[in-house]
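Beneath this line is the structure, given in structure tokens, with notes to follow.
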Amino acid sequence: MINASLVELRRALDAGRISSAELATLFLDRIAALDPQLNAFITVDRDGAIEAARAADARIAAGRAGPLTGIPLAHKDVFCTEGVLTTCASKMLGNFVSPYDAHVVGLLKAAGAVSLGKTNMDEFAMGSSNESSFYGPVKNPWDTARVPGGSSGGSAAAVAARLVPIATGTDTGGSVRQPAAFCGITGIKPTYGLVSRYGMIAYASSLDQGGAFGASAEDCALLLSAMTGFDERDSTSLERAPEDYAAALAAPAAGPQPLAGLRIGLPREFFAEGMADGVRAAVEAALDQYRALGATTVDVSLPNAKLAIPAYYVIAPAECSSNLSRFDGVRYGHRAADYADLADMYSKSRAEGFGEEVKRRILVGTYVLSHGYYDAYYLQAQRLRRLIAEDFRAALAQCDVIAGPTTPTTAWTLGAMADDPVQMYLSDIYTIAVNLAGLPGISHPCGFDAGGLPVGLQLVGDYFGEGRLLAATHRFQQATDWHLRRPEYAR
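Per our numbering, the very first residue in the sequence shown carries number 30; after that it's consecutive.
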């Protein structure tokens, strides 16, 4: 059962071959046995999971089961969960038990999914390696000496090691797609505004977006279908009718070339210098497979893509500087034990409660928003953001989806970039522009490098093009078995 797809788990639950309580116990026991080596979870809610699983069994017995009823999952610890510790992998929120559910958590509860716990992450979602967590780094299941990617590394590692079949994540500059690539699974970031940010602890509000992890596009489609929907509590939530992304995938492939007519754009900027040889070889082989399935490739250009990282690392820190100002030691979160006055309490509580990477980004953000620098940095970065979005619009007028590597390299060793944060920032060079434009993107496994580490291929679509991205990935996965490869932890 540990390697079964969601469709297979649904059939087993509905046929009574296994109960939801038994399925939850199976994965909870795997977490207890394997997570000490991976550190993918911050909180495991065994009692809550068993209670939810028994309620799911009652729904199944009454004939009221939906696609996710009784299916175990995990939430990135950035989503507020009523009655459960919600830390954002920080000391600052190390004692915060949320009094309410995030919109995503509420939707998945209503769908009957069974939450097993909260996954580890980079502190306040700031990082690309899952090494900035107050609770220690997550280890990559393919090689525990390597990072799983970030910031949603705990969710990605948990799905890759089959500690849980599916998991939620968030993506601000690649934080679903990059760890999906490093861990050899599928991860999708939808169009900005499609998933409510209510109850999702904010890093950069104009960039943050909830996303889904699964072994396959089919699993991601089932999870994403349950996560989307308008939420009046989020001013950026889009009023669109929910889509059933999985329904379109259920149709059988139409002949030997099911992707006939699909135009895939290849930006020359994504295939320039800086890509590791193993990544390039796997991506080019995957593109050949897409062509064999009937797709055609066209050359496109994203001339301002090189400006994405400098623009992002002005905009995101500026927004984090504003968002994290709420953590002052007054209402919730860490408060310093000794202080002279209110200002001293603020200073000491934040100095003790925030980690080094978070402090670094707050300082950068405060600087670029300060008098005399706002116009020179923040406004200029927003202008660049518009240029990047227009580049994507022009490219997508020539093709249906854009393809390229998810990351320039495979997973690096733990600590390798600890003293060079700028080099770590560059690992998101292919993903950040997608967030700046607010577009949907998916990463799926497409091969391995010479060291046996997974390589991910990224597809980017037009606004609300999630269905097309999932369908293209699904057809690729029907013709290949990269998404079925498992690390030793999951065998």
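Yeah, the Cβ is synthetic: ideal placement off N, Cα and C, and Gly gets one too.
Would you mind stating whether residue i and residue j have Cβ atoms separated by less than 8 Å?
i: I417; j: A447; result: no
i: T199; j: A154; result: yes
i: L534; j: S34; result: This structure does not reach residue 534, given that the chain is present from 30 up to 520, and the question cannot be answered.
i: V113; j: K138; result: no
i: S158; j: G384; result: no
i: C212; j: A244; result: no
i: F242; j: A209; result: yes
i: L251; j: P96; result: yes
i: P296; j: G394; result: no
i: G485; j: T438; result: no
i: E152; j: C117; result: yes
i: M150; j: S127; result: no
i: L38; j: L55; result: no
i: A521; j: L145; result: With the chain covering only 30 through 520, there is no way to say anything about residue 521.
i: L57; j: A186; result: no
i: P101; j: V143; result: yes
i: M121; j: G362; result: yes
i: L499; j: C249; result: yes
i: C109; j: G222; result: no
Over the uninterrupted beta strand (DSSP E) stretch that includes residue i, give me the two end residues.
i: V430; result: V430 to P434
i: F70; result: F70 to V73
i: R292; result: R292 to P296
i: V329; result: T325 to V329
Name the residue from the options whose alpha carbon lies nearest to the alpha carbon of residue i.
i: L336; options: A270, Q409, A380 and L291; result: Q409
i: R226; options: V312, H132 and F300; result: H132
i: A44; options: V107, P437 and G99; result: G99
i: A345; options: Y396, R320 and D306; result: Y396
i: R515; options: T502, V134, E348 and L192; result: L192
i: T509; options: A246, A426, V73 and D260; result: A246
i: G476; options: A315, R412, R414 and S351; result: A315
i: T257; options: A501, V451, D457 and E495; result: E495
i: A530; options: A310, L288 and Y274; result: Outside the shown range of the chain (30 to 520) lies residue 530, about which nothing can therefore be said.
i: D260; options: P285, V430 and V134; result: V134
i: G216; options: I293, R504, G182 and S456; result: G182
i: V430; options: S472, Q411, A369 and L145; result: S472
i: L291; options: N124, P166, C428 and A91; result: C428
i: S119; options: K388, T502 and L513; result: K388
i: P483; options: L353, A424, I338 and D172; result: D172
i: A340; options: S456, Y406 and S204; result: Y406
i: A305; options: D404, A479 and R504; result: A479
i: E111; options: N124, Y129, Q506 and A103; result: Y129
i: Q238; options: A466, G481 and D76; result: A466
i: Q452; options: I293, Y342 and S399; result: Y342
i: V107; options: S354, R40 and S204; result: S204
Let me check one thing: in DSSP terms, what residues is residue i bridge-paired to?
i: I217; result: A241 and I471
i: L102; result: S144 and I195
i: D420; result: DSSP lists no partner for D420.
i: L114; result: V126
i: M446; result: Paired residues: none, contrary to the question.
i: R175; result: T442
i: P516; result: Partner(s): none; P516 has no beta bridge.
i: V107; result: DSSP output for V107 lists no bridge partner at all.
i: L488; result: A432 and I471
i: G476; result: V484
i: N169; result: D172
Between which two residues does the alpha helix (DSSP H) holding residue i run?
i: P339; result: A337 to N352
i: F56; result: S49 to L67
i: V36; result: L35 to A44
i: P208; result: R206 to C212
i: L498; result: E495 to A508
i: Q318; result: D306 to A321
i: P450; result: P450 to Y454
i: L253; result: A246 to M256
i: L398; result: E385 to L398
i: G382; result: L371 to G382
i: L465; result: I461 to A466
i: L137; result: H132 to A139
i: V188; result: G182 to A189
i: Y227; result: Taken as a continuous stretch (DSSP letters only), Y227 belongs to no alpha helix (DSSP H), as it is neither H nor E.
i: Y274; result: Y274 to A279
Taking only beta-carbon positions, decide if residue i is within less than 8 Å of chain D.
i: D260; result: Any reference to chain D falls outside this structure, which holds one protein chain only.
Given 8 Å, three or more beta-carbon pairs between the segment 367-380 and the segment 318-331: no
- prompt: Is the number of C-beta pairs between the segment 187-201 and the segment 231-246 that are closer than 8 Å three or more?
  reply: yes
query: Are at least three pairs of beta-carbons, each pair with one atom in the segment 461-476 and one in the segment 487-504, less than 8 Å apart?
result: yes
message: Pairs of beta-carbons, one from the segment 176-187 and one from the segment 431-447, closer than 8 Å: are there three or more?
response: yes
task: Indicate whether the contact test is met: 3 or more Cβ pairs, each with one atom in the segment 267-277 and one in the segment 296-311, closer than 8 Å.
output: no
- prompt: Can at least three beta-carbon pairs, one atom from the segment 80-96 and one from the segment 262-270, be found at a separation below 8 Å?
  reply: no
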